[in-house]
Amino acid sequence: MTTHDCQVLVIGSGPGGATTAALLAEAGHDVLLVEEGADLSVDSAPNYSLAEMDQKYRNGGLNTTFGKTPITYIEGRCVGGASEINAALYHRPHEETLDRWARDFQIDDFGLDRLRPRFEEIERELHVGRRADGLAPSSRKLIAGADKLGWRHGQIQRFWRYDGQGPRGRRQSMSETMVPRARSAGARLLADTRVVRLITRGSRSVAAHALHKGRDRVRIRFDHVVVAAGAVQTPLLLLRSRIHHNIGNDLRLHPMIRIAAQFPDRANDPAFGVPVQQVEEFKPGLTLGCSHSSLPHIALWMGRDVPDRRQIMAEWERIGVFYVAVQGEGHGKVRSLALLDQPLIQYQLSDQDMRRMGQGLEHLGELLFAAGAQRLFSPVQGRKPLTRPDELPILRDLPHGSRIAVSSIHLFSSAPMGEDHSRCAVDSYGRLRGYDNIRVHDASILPTSPGVNPQGTIMAIVRRNTAQMLAAGL
Ligand SMILES: Cc1cc2nc3c(=O)[nH]c(=O)nc-3n(C[C@H](O)[C@H](O)[C@H](O)COP(=O)(O)OP(=O)(O)OC[C@H]3O[C@@H](n4cnc5c(N)ncnc54)[C@H](O)[C@@H]3O)c2cc1C
Numbered sequence: 076m077t078t079h080d081c082q083v084l085v086i087g088s089g090p091g092g093a094t095t096a097a098l099l100a101e102a103g104h105d106v107l108l109v110e111e112g113a114d115l116s117v118d119s120a121p122n123y124s125l126a127e128m129d130q131k132y133r134n135g136g137l138n139t140t141f142g143k144t145p146i147t148y149i150e151g152r153c154v155g156g157a158s159e160i161n162a163a164l165y166h167r168p169h170e171e172t173l174d175r176w177a178r179d180f181q182i183d184d185f186g187l188d189r190l191r192p193r194f195e196e197i198e199r200e201l202h203v204g205r206r207a208d209g210l211a212p213s214s215r216k217l218i219a220g221a222d223k224l225g226w227r228h229g230q231i232q233r234f235w236r237y238d239g240q241g242p243r244g245r246r247q248s249m250s251e252t253m254v255p256r257a258r259s260a261g262a263r264l265l266a267d268t269r270v271v272r273l274i275t276r277g278s279r280s281v282a283a284h285a286l287h288k289g290r291d292r293v294r295i296r297f298d299h300v301v302v303a304a305g306a307v308q309t310p311l312l313l314l315r316s317r318i319h320h321n322i323g324n325d326l327r328l329h330p331m332i333r334i335a336a337q338f339p340d341r342a343n344d345p346a347f348g349v350p351v352q353q354v355e356e357f358k359p360g361l362t363l364g365c366s367h368s369s370l371p372h373i374a375l376w377m378g379r380d381v382p383d384r385r386q387i388m389a390e391w392e393r394i395g396v397f398y399v400a401v402q403g404e405g406h407g408k409v410r411s412l413a414l415l416d417q418p419l420i421q422y423q424l425s426d427q428d429m430r431r432m433g434q435g436l437e438h439l440g441e442l443l444f445a446a447g448a449q450r451l452f453s454p455v456q457g458r459k460p461l462t463r464p465d466e467l468p469i470l471r472d473l474p475h476g477s478r479i480a481v482s483s484i485h486l487f488s489s490a491p492m493g494e495d496h497s498r499c500a501v502d503s504y505g506r507l508r509g510y511d512n513i514r515v516h517d518a519s520i521l522p523t524s525p526g527v528n529p530q531g532t533i534m535a536i537v538r539r540n541t542a543q544m545l546a547a548g549l
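Start counting the sequence shown at 76; every next residue gets the next number (our numbering).
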């Protein structure tokens, strides 16, 4: 068994953990950053490729929830967490969302005004800006349709650096930004190492047990521990460590559903990577946007029962994939099962979620026909493709069950923050209730779904909480 000692152990190197590690190390603290996944460069595999899924996705991307309608979800598993595989879209959250969180969860000293300096730091340090290399064809379709209908739309900013970084620029993921910052300030990084349990004595955690490359036992001793393993793995680790109070009881997510649409002309060029246009008209409840549309993605979202599928696929450059993302009011639970490595996630979409997804699909269909689409491939298995706008109302009628492919890449709220003891796992600054030296600094502490791409919000809250941690002498 190998033993490591440190002042602060940070578990997980995604946006929450990497930010925490960098700020603590820069303030002179002795930090050990432990990450289950491998330490790879941001361009070790093409974005959205099978190689990337093998290298950087947990379980190759094959995870599902249990409930009336199963939801497939993706987690990053590498140094940098999901910031290495995501679309890098950046938002500040809506002010009303933050106000509602402060009110409903009794969060002290919270709101857009308080967080504004944190957002400004992130925007400056991670080069948040608009892409400089033109618009993907599917983005142009989205704009054409939205303009015809008079709906507001916009290009979403990204964590992406263009200056001197070539025409396509460079993703500003954690492995490019906060992890190197942490290391150059003296933090140590232990990759390929999964923390399996925290050992607690009374109100303190004294050590962590981990496995390096799944076999070699590692023991880590520390004064303070920050858990930042993401909205699914953080509750799993805490539950395994026999820490239960309000942990994993109210997982939230943004459900997404997609439509593939065929146009008479080019609608797709995977060389552009992720299209960055979204319809603003129905936010934060509903977001309409374009997905990455490589051939395998089209095949996935077009469904298997389209009669002339092969011929359609041969014309894949005329097909784009578009999505509806819903703020999400369903509820889920993360549970740890004895002897199993994987969590059990039960999630029920609410009736409101089903209605919103249906409405969103109808709006999206309207937009795509307005943009000149000839055929929309129904997201409900067994239904015929739609060829006319008067067929759109059927999209509203979404059946529960596995005939619809609902997915999610945004999960949160499995250890919510605030002073409401009846449902919050951590206090207003991320300190775990009942413990003196355990904090949670990741997507788990967002009280509910933010309704916008969440990485910016997670990082801003984590920066605020780390500042409080430093001010309090850890
Ligand atoms: C495909 C995809 C696209 C997305 N697109 C966007 C987008 O465009 N914009 C946006 O804002 N958000 C996007 N997101 C969401 C965003 O990436 C996440 O919300 C964010 O990364 C969450 O940060 P986190 O720190 O909570 O956890 P994560 O990023 O999940 O990082 C947690 C890390 O902890 C590690 N870990 C877990 N358990 C352990 C353990 N026991 N021991 C050691 N290490 C452990 C994991 O391997 C992982 O690297 C996307 C997500 C995905 C998956």
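For every residue, glycine included, the Cβ atom is placed at its ideal position computed from N, Cα and C.
Computed from a predicted model, the values in this text were never measured in an experiment.
Only residues of its own chain outside the window of five on either side were considered, and among them Ile86, Val109, Ala283, Ala285 and Leu312 have a CB closer than 7 Å to the CB of valine 270, listed in chain order. Assignment of beta-bridge partners to methionine 331 by DSSP yields Ala400 and Ser482. Looking at the backbone, the Cα of alanine 389 and that of arginine 294 are separated by about 54 Å.
For the 8 Å CB-CB criterion, leucine 363 and leucine 439 form a contact.
Positions of the beta strand (DSSP E) runs, each at least 3 residues long and wholly inside the stretch 137–214, are given as 146–148 in order along the chain. Membership of alanine 97 in the alpha helix (DSSP H) is indicated by the continuous run 90–101. Shown here for isoleucine 182: same chain residues with a beta carbon closer than 8 Å to its own, the five before and five after excluded, namely Trp176, Met492, Gly493, Glu494, Ser503 and Pro522 in chain order.
In this structure, Met432 is the residue among Met432, Arg384 and Ile274 with its C-alpha nearest to the C-alpha of methionine 331.
Here the alpha carbons of arginine 538 and glycine 103 stand approximately 16 Å from one another.
Contact between the stretch 419–437 and the stretch 197–204 is not established, with fewer than three Cβ pairs separated by less than 8 Å.
Listed in chain order, the alpha helix (DSSP H) elements of length 4 or more contained wholly in the stretch 387–445 are 426–445. Serine 524 is a Cβ neighbour of leucine 328, given a cutoff of 8 Å. Inter-residue distance for glycine 136 and leucine 265 is about 23 Å (C-alpha atoms, whole angstroms).
Its Cα nearest to that of leucine 173, the residue Phe185 stands out among Asn138, Leu549, Tyr165 and Phe185.
Alanine 96 has its CB no nearer than 7 Å to any heavy atom of ligand 1.
Among the bridge pairs identified by DSSP, valine 537 is matched with none. Assigned with DSSP and collapsed to three states, threonine 523 falls in coil, not helix or strand. Histidine 372: not part of any beta strand (DSSP E); member of the alpha helix (DSSP H) spanning 370–377, first to last residue.
For arginine 279, no alpha helix (DSSP H) segment is defined; the enclosing uninterrupted segment is the beta strand (DSSP E) at 279–287.
Going by C-alpha positions, leucine 84 is about 45 Å away from glycine 378. Looking from the CA of leucine 217, the closest CA among Asn122, Val399 and Thr532 belongs to Val399. The beta carbon of arginine 193 sits closer than 6 Å to the beta carbons of Ala535, Arg538 and Arg539 from its chain, once the five residues preceding and following it are set aside; these are given in chain order. Around the Cβ of leucine 326, a 10 Å sphere holds 16 or more other Cβ atoms; the residue is buried. Residue environment analysis places leucine 415 among the exposed positions, since fewer than 16 neighbouring C-beta atoms fall within 10 angstroms of its C-beta. Scanning its chain for C-beta atoms nearer than 7 Å, with the 5 sequence neighbours on each side dropped, one finds around glutamine 456 the residues Gly378, Asp380 and Arg478, in chain order.
Within the DSSP bridge table, the entry for threonine 268 names His287 as partners. In the three-state reduction of the DSSP assignment, alanine 500 falls in the coil class, being assigned neither a helical nor a strand state.
Residue environment for lysine 408: buried (at least 16 other C-beta atoms within 10 angstroms of its C-beta).
Taking the Cα positions, leucine 187 is about 28 Å away from glycine 435. As DSSP reads the structure, isoleucine 218 sits in no beta bridge. Glutamine 247 and glutamate 466 have their C-alpha atoms roughly 43 Å apart. Ranking Gly209, Leu98, Pro529 and Glu170 by CA distance to the CA of proline 255 puts Leu98 first. Going by beta carbons, valine 351 and arginine 227 fall outside the 8 Å limit. Not one heavy atom of ligand 1 lies closer than 7 Å to the C-beta of valine 481. For serine 503, the CB stays at least 7 Å from every heavy atom of ligand 1.
With fewer than 16 neighbouring CB atoms inside 10 Å of its own CB, serine 259 falls in the exposed class.
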